[in-house]
Structure formats: C-alpha cells, structure tokens
Amino acid sequence: MGYWGYYVVGKSEQPLAELSAVAAVRGELSLLDRRSDGWQVWEVPGGEGARDVGNMNALAEETGAPALFGYVMDSDCVVVEAAAPESGAWTTCLDRAAMAGYLGDAELTVEDYFLEPRDAARRAVAWAAESGRTVTAGPLFDVLNADAEPSAEELFFRFLDRLGVVPQ
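Counting from 1005, one number per residue, gives the positions in the sequence shown under the numbering used here.
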C-alpha cells in the first residue's frame, strides 16, 4: 500500500498551520519542507478517502499569494487544486491513467473532473506568474502527462519545481 495524504503549499512569513484557512487540520499539519522565498510545504497524512483540509481559495486570500493542495492517492496519482488571488482556482491531476482507475466505471471521466494537461499548464503558468515566477508551459505539460514513476509524491514535487516553488 502506498501513501495517502495531502500536501498544503503556500507562501507566508508565518507558518501555514497557524492560518485560519487550514484550521480544520491545524493539529494534524506537519511541516515537510521550507522552500525558497517563503514557500512552505505542509503534510496531512491520512487514510483512503478525501477529507476537509481547508480551502485553497481562502488560503490564497489569507496569504495574498498563490496556494496549492495536492491529494496523493495510494502513491498512484494526485489531485491538484490550486488558487491565486487574481487568477482564480483550477483543478487538475497528475497521472491521468491512474486517476481514471480510481474513478472506475462512473459516468463522469477524468476529463469531466480535471483540466486537460494543456489547459492546466496554461493555468499553472499564470499561477506561477502571480507568485513572481516566470515559467513556461512545456515542462509543466510534460509533468502533467507523466506517469507517477516511481511515485505520485515524486511527481508532485517535480510539478512544484516546474512551478518555480523550488528547494532552498
């Protein structure tokens, strides 16, 4: 069995765990990584099934900077929810084929739930720009089309790197 859990990514001078936008999981958040320019990556490990970790729109508004949640499902795929104060919210996933497996034979498909990779890459470029980063769509598109090898967690952190949210 792989990893199930959430990553909460934001830019703030104070710890994200102290913000009201993530109050629902305040006691469960643990700092995973501090990245350059005040970016923080927090983790909420958890079992199978979605849960309320807060609101990324509220986190972006509270910090005045873009925010991003990543829900890792059994190390197979990641639901990515992003928001920025000016460019708004968008949702996509990493490893679309694996995500399709989790949706099963439901009426709705991956395309119904998540932005297509090309559209998600465009939104990600705007998200990065709003955080003061200049990135191009090509490398983001590549990650959005990649398989989660060796794990969805590593693919998620590769996505953060392409967004310009890089380690110190």
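Note that the Cβ used here is the ideal one computed from N, Cα and C, for glycine as well. Predicted model, so just to flag it, every value in this text is computed and none were measured.
Here the C-alpha atom of Leu1159 lies approximately 15 angstroms from the C-alpha atom of Val1013. With contact defined as three or more Cβ pairs closer than 8 angstroms, the stretch 1018-1034 and the stretch 1072-1081 are not in contact. Scanning the stretch 1026-1071 from its first residue to its last, the whole alpha helix (DSSP H) runs of 4-plus residues come out as 1060-1067. Taking the Cα positions, Asp1123 is about 13 angstroms away from Leu1098.
Cβ-Cβ distances below 7 angstroms link Leu1164 to Val1013 in the same chain, with the five nearest sequence neighbours on each side left out; the list follows chain order. Cα atoms of Val1048 and Leu1036: separation of roughly 10 angstroms, rounded to the nearest angstrom. Residue range Gly1009 to Lys1015 is occupied by the beta strand (DSSP E) that includes Gly1009. For Leu1098, the uninterrupted beta strand (DSSP E) run begins and ends at Gly1092 to Leu1098, by DSSP.
Per DSSP, the beta bridge partners of Val1084 are Gly1074 and Thr1096. For Gly1142, the enclosing alpha helix (DSSP H) has its first and last residue at Ala1141 to Leu1148. Between Thr1113 and Leu1107, the C-beta gap is smaller than 8 angstroms, which places the two residues in contact. With 16 or more neighbouring CB atoms inside 10 Å of its own CB, Ser1135 falls in the buried class.
Residue range Ala1156 to Leu1167 is occupied by the alpha helix (DSSP H) that includes Leu1167. Under a 10 Å Cβ-count criterion, Met1005 is classified as exposed, with fewer than 16 other Cβ atoms of the shown protein chains found around its own Cβ.
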